[in-house]
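In the working numbering, the protein residues as written are 1 to 307.
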């Protein structure tokens with residue numbers, strides 16, 4: 001009888017071992033990191049965003065704060081990342097290091113949703129002469145989020161291809177970006193289920209759009225962020241503040257534009273030249289920097305009008 005019990009336990013143990021899902025290998029464990037003992041970093045920018053309740057005006061909801069440091073090539077290699085929330089009252093702070101690998105760069109960053117830790121995102125940028133591929137391993141940080149996503153982690157890839165003709169900068173799996181007449185402009189060239197808003201920069205204004213006006217075939221703008229900039233003539237440092245954040249309610253339904261002013265604060269402080277001589281570095285920075293849409297003119301060296 002004892003032997004029967006022991007055999008049954010052994011069988012159950014083996015079945016459990018074979019049926020249990022193997023713990024996924026951390027993305028960083030597959031990479032070869034390069035030591036850089038002489039790496040020198042320079043503070044390049046700070047970016048602060050403060051969000052308010054759109055119903056109860058004047059009531060703060062959350063604040064994001066980023067400080068970016070670049071190396072001698074102009075590539076962002078370190079980020080200080082802090083987020084503060086009023087309800088629930090909590091804050092998160094981390095230092096993000098962009099590490100050099102044998103084939104590109106790697107970093108990890110915390111993703112926050114509604115004041116709670118959502119995931120830790122592992123990003124590997126594998127570079128070649130034609131562009132780079134971003135592999136992201138998103139590890140969800142609570143049982144509730146795991147159940148919501150149906151898995152403990154999610155792995156995605158995104159390919160950026162350099163472009164050199166007619167003002168085009170790059171293309172991803174479904175959109176392209178170009179610079180023309182001091183304007184930065186993104187547009188879709190194919191449909192994709194994971195499409196995000198496109199970015200336009202023109203005349204001190206960042207605009208976001210998704211679709212097109214059916215009558216004019218022009219971008220149907222959803223948001224406009226109007227900035228004022230000043231420049232210190234001694235240090236060359238640039239300060240930017242958000243004057244207005246406007247939301248076109250009709251972008252959800254079509255029809256004529258109907259703009260509504262929303263409460264928000266954005267401050268930009270550019271301390272070092274973010275526009276690298278190598279355009280490939282600028283394209284990398286746009287992908288690496290969180291909220292990089294508010295730094296577009298400085299990443300790509302576009303003209304801004306100073307007060």
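For glycine and all other residues, C-beta sits at the position ideal for the given N, C-alpha and C.
Where the beta strand (DSSP E) containing residue i begins and where it ends
{"i": "residue 297", "result": "Premise fails: residue 297 lies in the alpha helix (DSSP H), 296-299, not in any beta strand (DSSP E)."}
{"i": "residue 243", "result": "238-248"}
{"i": "residue 114", "result": "Here residue 114 belongs to no beta strand (DSSP E), and DSSP marks it neither H nor E."}
{"i": "residue 187", "result": "183-188"}
Residue i, enclosing alpha helix (DSSP H) - first and last residue
{"i": "residue 280", "result": "279-288"}
{"i": "residue 148", "result": "143-149"}
For residue i, the three-state DSSP class (helix, strand or coil)
{"i": "residue 62", "result": "strand"}
{"i": "residue 228", "result": "strand"}
{"i": "residue 293", "result": "helix"}
{"i": "residue 30", "result": "helix"}
{"i": "residue 49", "result": "strand"}
{"i": "residue 233", "result": "coil"}
{"i": "residue 252", "result": "helix"}
{"i": "residue 222", "result": "strand"}
{"i": "residue 207", "result": "strand"}
{"i": "residue 302", "result": "coil"}
{"i": "residue 216", "result": "coil"}
{"i": "residue 108", "result": "strand"}
{"i": "residue 272", "result": "coil"}
{"i": "residue 91", "result": "strand"}
{"i": "residue 130", "result": "coil"}
{"i": "residue 307", "result": "coil"}
Same chain, Cβ closer than 6 Å to residue i, neighbours up to 5 away in sequence not counted
{"i": "residue 311", "result": "This structure gives no information on residue 311, because the portion of the chain shown stretches from 1 to 307."}
{"i": "residue 74", "result": "276 and 281"}
{"i": "residue 62", "result": "51 and 85"}
{"i": "residue 42", "result": "70 and 272"}
{"i": "residue 111", "result": "118, 119 and 121"}
{"i": "residue 131", "result": "160, 161 and 162"}
{"i": "residue 82", "result": "65 and 93"}
{"i": "residue 202", "result": "183"}
{"i": "residue 127", "result": "104"}
Residue(s) in a DSSP beta bridge with residue i
{"i": "residue 258", "result": "Residue 258 pairs with nothing; no bridge assigned."}
{"i": "residue 171", "result": "161 and 176"}
{"i": "residue 266", "result": "49"}
{"i": "residue 42", "result": "70"}
{"i": "residue 310", "result": "Nothing about residue 310 can be reported from this structure: the residues present for the chain run from 1 to 307 only."}
{"i": "residue 137", "result": "122 and 155"}
{"i": "residue 202", "result": "205"}
Contacting residues, own chain, Cβ-Cβ under 8 Å from residue i (five flanking each side not counted)
{"i": "residue 237", "result": "231, 269, 270 and 271"}
{"i": "residue 108", "result": "28, 96, 120, 121, 122 and 123"}
{"i": "residue 244", "result": "224, 225, 226 and 261"}
{"i": "residue 78", "result": "41, 68, 69, 95, 96, 97 and 98"}
{"i": "residue 145", "result": "118 and 119"}
Whole-Å CB distance - residue i paired with residue j, under 8 Å assumed
{"i": "residue 332", "j": "residue 222", "result": "Within the shown structure, residues of the chain are numbered from 1 to 307, placing residue 332 beyond reach of any answer."}
{"i": "residue 289", "j": "residue 68", "result": "6 Å"}
{"i": "residue 170", "j": "residue 283", "result": "5 Å"}
{"i": "residue 179", "j": "residue 300", "result": "6 Å"}
{"i": "residue 228", "j": "residue 147", "result": "46 Å between Cβ atoms; not a contact."}
{"i": "residue 157", "j": "residue 190", "result": "Not really, about 16 Å apart at Cβ, beyond 8 Å."}
{"i": "residue 285", "j": "residue 274", "result": "7 Å"}
{"i": "residue 241", "j": "residue 267", "result": "6 Å"}
Neighbourhood of residue i by C-beta distance below 7 Å, restricted to the same chain and skipping five residues each side
{"i": "residue 31", "result": "101, 106 and 124"}
{"i": "residue 21", "result": "In this predicted model, residue 21 has a pLDDT of only 41, less than 50, meaning its place in the structure is not dependable enough to derive any value."}
{"i": "residue 224", "result": "205, 207 and 246"}
{"i": "residue 187", "result": "175, 176 and 198"}
{"i": "residue 53", "result": "59 and 61"}
{"i": "residue 167", "result": "178, 179 and 180"}
{"i": "residue 36", "result": "100"}
Contact test: residue i Cβ vs the ligand MG heavy atom, cutoff 6 Å
{"i": "residue 65", "result": "Absent from the structure shown: the ligand MG. Ligands present: none."}
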